[in-house]
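According to my numbering, the stretch in the sequence shown is residues 339 to 469, in order. See below for the structure under consideration.
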Amino acid sequence: MAAKNTGAVQLNNTYVRPTGSLGRGIVISAIIMALSARKELISPGSPIYDYLLAQSPEALKIATYIQNGVFYFLFVAHSLEVPLFAYTKLAKHGISLFSLAWWQWAATCFVGGKFCWDHFEKVLAKKASSS
339 MAAKNTGAVQ
349 LNNTYVRPTG
359 SLGRGIVISA
369 IIMALSARKE
379 LISPGSPIYD
389 YLLAQSPEAL
399 KIATYIQNGV
409 FYFLFVAHSL
419 EVPLFAYTKL
429 AKHGISLFSL
439 AWWQWAATCF
449 VGGKFCWDHF
459 EKVLAKKASS
469 S
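Rendered as structure tokens:
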């Protein structure tokens, strides 16, 4: 089955909640973002510290670098993705700037990143095939 052209599809300020594997990917991404922001995750007294990191001071240092790297990568990348997504996808497919649907898509893009882009394409393809 050939994919339909989704360039002319208009969503008219509607938001479609992600489900299935893309929905799970967005939730997992949000959990990783939340955990990467919590220094308590690898601090003394946490299970990760007590069972894995307490044996070596070098392990705590490496874990801190990893946590900081994940945090900054996810938050910076996803912060840059939101305006890019709004400009390249939302504006072109009938989602008005700062409407409720715009905020829902923007929040989904911020926590879900690439999974949101894939979900949006899936929504457009489904709408194009039903037209």
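Every residue, glycine too, gets a C-beta built ideally from N, C-alpha and C.
* **Closest Cα partner of residue 350 within the set 438, 455, 452** => 438
* Taking the C-alpha atoms as reference points, what is the distance between residue 346 and residue 465? -> 10 Å
* To do: To the nearest angstrom, report how far apart residue 444 and residue 360 are at their CA atoms.
  => 16 Å
* My understanding is that residue 371 touches residue 413, with C-beta atoms under 8 Å, so please give their C-beta distance in whole angstroms. => For residue 371 against residue 413, the beta-carbon gap comes to about 7 Å, under 8 Å, which counts as contact.
* Identify, in the order they occur along the chain, each residue of the same chain with its Cβ nearer than 7 Å to the Cβ of residue 362, setting aside the five sequence neighbours on each side. => none
* To do: Please name the residue in 432, 450, 457, 434 whose C-alpha comes closest to that of residue 472.
  => This structure leaves residue 472 out entirely; the chain is present only between 339 and 469.
* Under 8 Å by Cβ, that's how I've got residue 387 and residue 381 pegged, so tell me the actual separation to the nearest angstrom. => Yes, residue 387 and residue 381 are in contact; Cβ-Cβ is about 6 Å, under 8 Å.
* What distance in whole Å lies between the Cβ atoms of residue 448 and residue 420, which are believed to be in contact at a cut-off of 8 Å? -> 5 Å
* **DSSP three-state assignment for residue 433, whether helix, strand or coil** => coil
* For residue 390, I'd like the list of residues in its chain whose CB is within less than 6 Å of its CB, leaving aside the five on either flank, ordered along the chain. => none
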